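S.K.: Below is one structure. I have some questions about it.
6 protein chains.
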Amino acid sequence: MPRYQPTDAMMLPRFSGIRTFARLPHVTDLTDVDVAVIGSPFDTGGTYRVGCRFGPAHIREASALLRPYNPSLDVNVYDYISAIDYGDLPVVPGFIEAAYDQMVEGLMPVLNAGVIPILLGGDHSISLAHLRAMALRHGPVALIHFDSHNDLWDQYWGQKYTHGTPFRRALEEGLIDVKRSSEVGLRGSVYGPEDIQMGRDFGFQVFTMDEVRELGFAHVLKMVREQAGTGPCFLTFDIDFIDPAYAPGTGTPEVGGPTTWEALQCVRALKGLNFVGFDVVEVLPSYDSPGQVTALAAANVAFEMLSLVAWSRKHR
Amino acid sequence: MPRYQPTDAMMLPRFSGIRTFARLPHVTDLTDVDVAVIGSPFDTGGTYRVGCRFGPAHIREASALLRPYNPSLDVNVYDYISAIDYGDLPVVPGFIEAAYDQMVEGLMPVLNAGVIPILLGGDHSISLAHLRAMALRHGPVALIHFDSHNDLWDQYWGQKYTHGTPFRRALEEGLIDVKRSSEVGLRGSVYGPEDIQMGRDFGFQVFTMDEVRELGFAHVLKMVREQAGTGPCFLTFDIDFIDPAYAPGTGTPEVGGPTTWEALQCVRALKGLNFVGFDVVEVLPSYDSPGQVTALAAANVAFEMLSLVAWSRKHR
Amino acid sequence: MPRYQPTDAMMLPRFSGIRTFARLPHVTDLTDVDVAVIGSPFDTGGTYRVGCRFGPAHIREASALLRPYNPSLDVNVYDYISAIDYGDLPVVPGFIEAAYDQMVEGLMPVLNAGVIPILLGGDHSISLAHLRAMALRHGPVALIHFDSHNDLWDQYWGQKYTHGTPFRRALEEGLIDVKRSSEVGLRGSVYGPEDIQMGRDFGFQVFTMDEVRELGFAHVLKMVREQAGTGPCFLTFDIDFIDPAYAPGTGTPEVGGPTTWEALQCVRALKGLNFVGFDVVEVLPSYDSPGQVTALAAANVAFEMLSLVAWSRKHR
Amino acid sequence: MPRYQPTDAMMLPRFSGIRTFARLPHVTDLTDVDVAVIGSPFDTGGTYRVGCRFGPAHIREASALLRPYNPSLDVNVYDYISAIDYGDLPVVPGFIEAAYDQMVEGLMPVLNAGVIPILLGGDHSISLAHLRAMALRHGPVALIHFDSHNDLWDQYWGQKYTHGTPFRRALEEGLIDVKRSSEVGLRGSVYGPEDIQMGRDFGFQVFTMDEVRELGFAHVLKMVREQAGTGPCFLTFDIDFIDPAYAPGTGTPEVGGPTTWEALQCVRALKGLNFVGFDVVEVLPSYDSPGQVTALAAANVAFEMLSLVAWSRKHR
Amino acid sequence: MPRYQPTDAMMLPRFSGIRTFARLPHVTDLTDVDVAVIGSPFDTGGTYRVGCRFGPAHIREASALLRPYNPSLDVNVYDYISAIDYGDLPVVPGFIEAAYDQMVEGLMPVLNAGVIPILLGGDHSISLAHLRAMALRHGPVALIHFDSHNDLWDQYWGQKYTHGTPFRRALEEGLIDVKRSSEVGLRGSVYGPEDIQMGRDFGFQVFTMDEVRELGFAHVLKMVREQAGTGPCFLTFDIDFIDPAYAPGTGTPEVGGPTTWEALQCVRALKGLNFVGFDVVEVLPSYDSPGQVTALAAANVAFEMLSLVAWSRKHR
Amino acid sequence: MPRYQPTDAMMLPRFSGIRTFARLPHVTDLTDVDVAVIGSPFDTGGTYRVGCRFGPAHIREASALLRPYNPSLDVNVYDYISAIDYGDLPVVPGFIEAAYDQMVEGLMPVLNAGVIPILLGGDHSISLAHLRAMALRHGPVALIHFDSHNDLWDQYWGQKYTHGTPFRRALEEGLIDVKRSSEVGLRGSVYGPEDIQMGRDFGFQVFTMDEVRELGFAHVLKMVREQAGTGPCFLTFDIDFIDPAYAPGTGTPEVGGPTTWEALQCVRALKGLNFVGFDVVEVLPSYDSPGQVTALAAANVAFEMLSLVAWSRKHR
């Protein structure tokens, strides 16, 4: 059995104990670790509502409800992987370039130990730091991007680093293997038709929500998988991909998105790809519902990420 | 016309008056009564979030919005049944075995008067008491169980009575006619594949949400109806069967469930079965949304239960 | 380029500035104006929860998230229309007949200037005033009515003017061209089968939600469009048409409604009709979720209305 | 022992049962009744936030926490008085003059039976109806008025009946024995110095909060008691008398008010006066805190009113 | 410098990292430890609102705002004591007697290591287990009890173990040195004059809130200190001692209590007493305000407890 | 009569219309303007909870409840000053040094027009920009600083510009006439005794809350006034000066503060000083209570600032 296991809810109630992701042990020694869940509590990149710095704590709280077996993927996660909660990356709020350096520096020991990170945001600006670290270790990665926005804008108010620009920077910095990359979920009012075209011009395979509704999730996901091939992949999941009825606690919600069930199906459909890292971003606790449905959705998304790694171990 | 009728909203506004279910009279004399709505405000069985003891009051508040005619079933409920709000069963919080005895004792006069109860919970542990009373009156009943969990675990932390174990106990006590029984809605991470297999091993017809999405609600409900046959049936509806976007106010929510419309269709599809009792459980007000959508969903579920009885009277 | 344009979010952040609809200029001079967004903050007609007088402010707040281009209709709205926020109609709370006079008086200069109003309510009683003004300018209009209720009752507690009666009065006053009119979305418990039949008896084309689910949105909307013909149309959108999971902040919610995506598709499907006015009503902020999803839904509905006008200008 | 007694919390838990005030029996027969708690769920008089129609239900919910003995007044309330929850007065929302007639008509049987009413509002406009009924039975009464506003304005927007005008109308109608009457608590920004002078010009003894802080509560209350004399008194308690930190759920809050402890001391200090009626108004649930502190404050104010009557019976 | 120190907020932002109390290290080895903060997440003893099992997590979240120096007591806490977050005691929810055994068993190693525990509840029933452990180690202790209730009732509904009875049981079991013990804060409606007399009859020095307001906090606390003498003391602080405006998130709030400033002064005034343990109980997160003021109050109370120990070390 | 006046609430209800501060006209032409209320929606300086960028909109919403006459200062504000809502200063979120430049640039035309600004924040970092502008126009100003923190730290995590450092920078830049300056309200746990000493060492007159409680507000304010003399003064009011029970919606709350009444008395006591500018900062809407008491407190603080200017005009 893998070394690190969650506290057994049948032994100690799930409402008790220090809050770590899925009740995994909080460990900073990376020996015998396959996957590390890591907070990335930075939110200075937000252009509208802010407060995603509390996202990791909020997701950890809801993740107490997770159990070890994933019936949809038929995998008992902790039979195949040793997983930990590594705590949070160091970040200085308010100074994005300095924080990027801290995040990369904090992440490299994890990657260098051969551990797959699942990063909990934080606003979407953090993904640039995540991708910088990924590329340092693995070279350019395929980006699989679920989001209601493309986050490919060049700048906001003359500034290059915000939560609306990370993938433009990542392209410029050569961090993304764009021909293997896809974007799914774009919707809502935008600044112009170029917002949708932009991704395609850069080489992404792009599916708007209108297109997803027309083609069906199964078809779209099949194309995403085929596009990604066998090289290293990074999955970035913006919680605003999900409809605000299911995930209201986010900074720039867009109505008209998928249900949580549809969203989880999207993640599950990626089984077998060669993931080297993941993030779940834009969870903003102070706008979540009293029942904390956004945190619960994000915790389940992260659990599907854990499950993808376990599935690959089970089937290799 | 049946003896007891709700206060007419066209005469007195629905926001006024003492809160009873659907503005029915609060009556404890069971003469001329067909159906009694009864609170069962017990929540000591909860293993995570608690507070369902306030569920009955919360559902009653939202039920003021209910009107008498059910267009989906084409029945004007109170033309066929005399219905009351019987108040709450007596319960001592904190002591589950003592409370079970009180609940059974409180329920027997209702059953012995030939009245069909619709019980408002309370956490799911209460259904064991409800089934004990049912079996005392009717012998073993077919259980039709909508829920995201199977509630068939043997114990938690060495304890036999919790909201995760009622149906295991009910099977052991011979309260359920399992070959006529079905479970619908299981989903989310579980402890292992045995969580799903368990119900089948006991003899239930089981449909996970993944299976429901694949087979379609119409097909699944047809099989539930056929399984149930003509004998006495008890319908237990855990509000966490419904997706947390539609019913956030509950103790152990699982993402990926049906919409309220789908859930109501499930209840309606059971028309014609021989119901001797119902419960709606796990409504937890302090986690509900400001708009109280969970209470509204539960009130509508209970109204469909009322409608099922009325439909049977109309068509007998 | 049309005269009035929203403040550019790429120049000034969307969280800053005085709250007007979609960050349009607040202007009361109607020269060079095509469409005016106008608050109608009246809620004395409410029969259950009240407080829609704060609806316009709430929608304006959420509307800061709107951007100019509508990808579903392929139209950059402000390339084709000059739009403003006209502020609110004057209303005296508590005195519905006096307020009706004020609203009509306040609206006529807008209509007489040839400006198309998009009115933000307020409870649904306001639509009677809106229709009176419409008819004064255009004669009877086709009513396209999305709502979970028919709002055609004759009276409540002996009173003729409430949010449940506006269209009965409008019919009596000859404001509606009923043979071109449709009602979509009726659902939930009602007072009797006549609630559904009533609209048909008056001459409306009526689709209940059960019928919409059976026939499909595309089919239903096609019939609504055909019914409406080429004459002047008024679109009234009660936010409770949308399911309470997506729009909880309303006064008389009914479970079992469409998603926001389905609801927006309904509005978009009406492109090409000859709209002379619109309203979005029954947004009740104090019951909205912390994430303000109802306001966001309503803002998007109003944006689709703006888009319909722009689409017609683009394609004429 | 008096005939009607609350349900014993030591027998049945306080969270259970149909919600009546202080768990008193809901009775409409006035035989053997000394005090009747009555809802007056009308809120069409509100000029800012509305929704006080849900005030009575909200106060009843919180009142489950009340116990029978008042240590500050040393009286076991139900040893001296037979008290009931009479339900709500009939009211048509939206039509204040019609509602006034209904309220007076609904209240007269109570007064004519010699029962002292404690009325739970509703916005402050209802006090005019309450005073009309009082005067019909007792002639003009001394008004003891705790409030942050004087509610003596002549009109709003040309309308004579709102929650800002009830006592001006009552003076005009001769319902108040003004020379025995007092107003305590006026504060906040007002329209001009006349707002404060107005009450004095009409003959009230007026204490602003600034004056109360300077003179001390004990002194002020002594003067209120002396002013009131031995004739019949009516106590009207606007919950916005209390500071919004302690009572946030109200329609027109004013910062800088007394604590709940100070407010309850004010009511207790009136022991021995000849009260013929009471009301507690302006509780607005949808703006209350999650812990429902406003409802709890109002329930305690009403309990002090019950205690005043019991104290008088004990000491007569 | 003492071995264990909180994470420095000037190095790592306070919003980041795994949530432990005051950002202290989560350690279960008791070597070199002076004080251990320990969760006691049990709430089956609650008789009204429940959910205090989430209290420890809620207090930990708010405690991130605590800094090391206490200016009122002039002590830099971690210069004098080595403090840790020990995690939570094991508890089975729903079975109070079994849980008591677990809690005592979980606490003894801490006491036997000479470590002073600060326990975070949990409802007040847990204090019986805490006192059992204290007495096992230290013999009977002086109880200093801040609370709006006396918690000395004999039983509820025939049950001996609830949050209203712990100190009656503790007296019966000889755990309390009652002649050195005090109760401060009793207020609100009670069942009868015996509720107040009861504590005195048992030998406690009792001060009701009315008495505290009359005598002044300084005088009352002086008497509490003198009563306690030099023997071992246990301080139990029910958060409902504080007024609900300052601490709304609790199960049985009573209006009319002290401010947070007054409450903290009460704790500070006990400096120099010989404390062997502390608890802070009845924090109920789901009723707390969005700003989480109750958790913040409780975290500060616990910090004052830490400060009392540090003060004693500084001045010994 | 001064040129600009608020919309008369007796003509148009206060819940209607575009939200400007106190319903003043939104004007950007500075002719005939005495005082301009201006939003400063920047929050990148926050070190814990963030989101004050929505503070100005939140305060404007609550300010609709303000009326023109201030009874405590006996001044009808708009009889003496012409006041406007100038809108918001331009700010780029996420880049504090760039934003400072924008804020100063945006503020200079106001100051150069001889208009007194009342700035609504935004986190406290903005005050550095405000003081830079003040000093450019007036030279060093006396700072009167109400706050629970000193905001004089040198840096956080190596960064010089945060909401904890503005006045250290202002001292270094020579913007403050420190010998005329005072700080009032410091409390809560701090990093060490130097946190309190620091202000004194820099030359401020400092009063902690403990000292204020001991000396009395009247005495303290007298000393603040005397210290300030007749030169130009700037008043900066951090809403966390007020106790979190009264102002929960803020980023770094500290329990144990003054009531709103006490806080308003503090501002009023400064009448007659030579104020050249004001700010109210740290209002964080997403943590405010449902009744929005923090916004109401802040709106009243700003109204007292308006009143101070009007009082000086009246009495000059």
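From first to last, the protein sequence lines are chains B, A, F, H, S and G.
Our numbering numbers the first residue of the first sequence as 1 and each following residue consecutively.
Our numbering numbers the first residue of the second sequence as 1001 and each following residue consecutively.
Our numbering numbers the first residue of the third sequence as 2001 and each following residue consecutively.
Our numbering numbers the first residue of the fourth sequence as 3001 and each following residue consecutively.
Our numbering numbers the first residue of the fifth sequence as 4001 and each following residue consecutively.
Our numbering numbers the first residue of the sixth sequence as 5001 and each following residue consecutively.
By construction, the Cβ of each residue, glycine as well, lies at the ideal position given by its N, Cα and C atoms.
All of these numbers come straight from a predicted model, not from anything done at the bench.
(1) Counting only beta-carbon separations shorter than 8 Å, does A:A1297 have a partner in chain F?
(2) For G:Y5086, which of helix, strand or coil comes out of DSSP?
(3) Say whether the region 2183 to 2194 of chain F touches the region 2270 to 2288 of chain F, bearing in mind that this needs 3 or more beta-carbon pairs closer than 8 Å, one atom from each stretch.
(4) Strictly under 8 Å for the Cβ-Cβ distance: is G:S5148 near chain B by that measure?
(5) Which residues in the same chain as F:T2028 place their Cβ atom closer than 8 Å to its Cβ, once the five residues preceding and following it in sequence are excluded?
(6) Taking 8 Å as the cut-off, decide whether the C-beta atoms of H:I3081 and H:A3302 are in contact.
(7) I want to verify the contact list: residues of chain H whose CB lies under 7 Å from the CB of A:L1012, in sequence order.
(8) From this set, S:M4223, S:F4217, S:T4250, S:S4148, which residue's C-alpha is nearest S:D4195's C-alpha?
(9) Taking buried to mean at least 16 other C-beta atoms within 10 Å of its own C-beta, is G:Q5197 buried or exposed?
(10) With a threshold of 8 Å between beta carbons, is B:G39 in contact with chain F?
(11) Hey, A:Y1156 and A:I1084: beta-carbon distance below 8 Å or not?
(12) With C-beta atoms as the reference, is H:T3162 less than 8 Å away from H:T3047?
(13) Does any C-beta atom of chain A lie closer than 8 Å to the C-beta of F:W2157?
(14) What residues of chain F sit near B:G192, judged by a beta carbon separation below 8 Å?
(15) May I ask which residues mark the beginning and end of the beta strand (DSSP E) holding H:P3253?
(16) On the premise that G:L5120 lies in contact with G:Q5102, defined as a C-beta separation below 8 Å, what is that separation, rounded to the nearest angstrom?
(17) To the nearest angstrom, report how far apart G:A5022 and G:P5006 are at their CA atoms.
(18) Ordered along the chain, which non-local residues of its own chain (more than five positions away) have a Cβ less than 7 Å from that of H:L3066?
(19) Consider the Cβ of G:Y5004: report whether some Cβ of chain B lies at a distance smaller than 8 Å.
(20) Less than 8 Å separating the beta-carbons of G:M5134 and G:G5249?
(21) Within its chain, find whatever has a CB closer than 6 Å to the CB of A:R1014; leave out the 5 residues flanking it on each side and keep chain order.
(22) Compare the Cα-Cα distances from A:S1040 to each of A:L1024, A:D1210, A:V1091, A:Y1078 and report the closest residue.
(23) Would you call the region 199 to 208 of chain B and the region 107 to 124 of chain B touching, i.e. three or more CB-CB distances under 8 Å?
(24) Measure how close the beta-carbons of F:D2238 and F:F2146 come, nearest whole angstrom, since I'm counting them as under 8 Å.
(25) Please compile the residues from chain B whose C-beta is within a distance smaller than 9 Å of the C-beta of G:T5047.
(26) Check the DSSP bridge columns for B:H145 and list the partner residues they point to.
(27) Name the one or two DSSP bridge partners that A:Q1159 has.
(28) With DSSP as the reference, label A:P1041 as helix, strand or coil.
(29) Measuring only between beta-carbons, confirm whether F:S2289 sits less than 8 Å from chain H.
(30) Excluding the 5 residues flanking A:D1177 on each side, which residues of the same chain have their C-beta closer than 7 Å to its C-beta?
M.R.: To lay it out plainly:
(1) Residue 1297 of chain A sits at position 297 when you count from the first residue of the second sequence. It does; some Cβ of chain F falls within 8 Å.
(2) For the purposes of this step, residue 5086 of chain G is identified with residue 86 of the sixth sequence, where counting begins at 1. G:Y5086 falls in the strand class under three-state DSSP.
(3) no
(4) Within the sixth sequence, numbered from 1, the residue matching residue 5148 of chain G stands at position 148. G:S5148 does not count as touching chain B.
(5) Position 28 of the third sequence, counted from the first residue, corresponds to residue 2028 of chain F. Around F:T2028: Y2086, G2087.
(6) Position 81 of the fourth sequence, counted from the start, is the residue given in the question as residue 3081 of chain H. Position 302 of the fourth sequence, counted from the start, is the residue given in the question as residue 3302 of chain H. No, the pair does not count as a contact, with Cβ atoms beyond the cut-off.
(7) Along the second sequence, read from residue 1 onward, the residue named residue 1012 of chain A stands at position 12. Neighbours of A:L1012 on chain H, chain order: P3090.
(8) Along the fifth sequence, read from residue 1 onward, the residue named residue 4195 of chain S stands at position 195. Comparing Cα positions, the closest option is S:S4148.
(9) Taking the first residue of the sixth sequence as 1, we reach residue 5197 of chain G at position 197. Exposed.
(10) Sequence index remark: in the first sequence, residue 39 of chain B carries index 39 (1-based). No, no contact with chain F.
(11) For the purposes of this step, residue 1156 of chain A is taken as residue 156 along the second sequence, with counting starting at 1. For the purposes of this step, residue 1084 of chain A is taken as residue 84 along the second sequence, with counting starting at 1. Their beta carbons are not under 8 Å apart, which means A:Y1156 does not touch A:I1084 by this criterion.
(12) For this step, residue 3162 of chain H is matched to residue 162 along the fourth sequence. For this step, residue 3047 of chain H is matched to residue 47 along the fourth sequence. Yes, they are a contact pair.
(13) Residue mapping note: residue 2157 of chain F aligns to position 157 of the third sequence, counting from 1. By this cut-off, F:W2157 is an interface position.
(14) Numbered from 1 along the first sequence, position 192 holds the residue referred to as residue 192 of chain B. Near B:G192 (Cβ distances below 8 Å), the residues of chain F are P2068, Y2069, N2076.
(15) If you number the fourth sequence from 1, residue 3253 of chain H lands on position 253. Neither: H:P3253 is in no beta strand (DSSP E) and is coded neither H nor E.
(16) Here residue 5102 of chain G refers to the residue found at position 102 when the sixth sequence is read from its first residue. Here residue 5120 of chain G refers to the residue found at position 120 when the sixth sequence is read from its first residue. Not quite, the Cβ-Cβ distance comes to about 16 Å (not below 8 Å), so this is no contact.
(17) Along the sixth sequence, one-based indexing puts residue 5022 of chain G at 22. Along the sixth sequence, one-based indexing puts residue 5006 of chain G at 6. Whole-angstrom Cα-Cα distance: 7 Å.
(18) On the fourth sequence, position 66 is the one that residue 3066 of chain H refers to. Cβ neighbours of H:L3066 beyond the five flanking positions: A3022, A3299, F3303.
(19) Sequence index remark: in the sixth sequence, residue 5004 of chain G carries index 4 (1-based). Cβ-Cβ to chain B under 8 Å: no for G:Y5004.
(20) As a first step, residue 5134 of chain G is located in the sixth sequence; it is residue number 134 there, counting from the start. As a first step, residue 5249 of chain G is located in the sixth sequence; it is residue number 249 there, counting from the start. No, the Cβ-Cβ distance between G:M5134 and G:G5249 is not below 8 Å.
(21) Position 14 of the second sequence holds residue 1014 of chain A. Excluding residues within five positions, the ones whose Cβ falls inside 6 Å are A1064.
(22) What you label residue 1040 of chain A is simply residue 40 of the second sequence in a count that begins at 1. Distance from the Cα of A:S1040 is smallest, within the candidate group A:L1024, A:D1210, A:V1091, A:Y1078, for A:V1091.
(23) Contact between the region 199 to 208 of chain B and the region 107 to 124 of chain B is absent, because fewer than three Cβ pairs lie under 8 Å.
(24) Walking along the third sequence from the start, residue 2238 of chain F turns up at place 238. Walking along the third sequence from the start, residue 2146 of chain F turns up at place 146. With 8 Å as the limit, F:D2238 and F:F2146 qualify as a contact, their Cβ atoms being about 7 Å apart.
(25) Translated into positions along the sixth sequence, residue 5047 of chain G becomes position 47. Under the 9 Å cutoff, chain B gives P93, G94.
(26) As a position in the first sequence, residue 145 of chain B is number 145, starting the count at 1. In the DSSP output, where bridge partners are listed per residue, B:H145 has B:E183, B:T236.
(27) As a first step, residue 1159 of chain A is located in the second sequence; it is residue number 159 there, counting from the start. According to DSSP, which records beta bridges pairwise, A:Q1159 is partnered with A:Y1156.
(28) One-based indexing of the second sequence puts residue 1041 of chain A at position 41. Coil.
(29) On the third sequence, residue 2289 of chain F is found 289 positions in, with the first residue counted as 1. False, the Cβ-Cβ gap to chain H never drops below 8 Å.
(30) For this step, residue 1177 of chain A is matched to residue 177 along the second sequence. Excluding sequence neighbours, A:D1177 sits near P1140, V1141, A1142, G1231.
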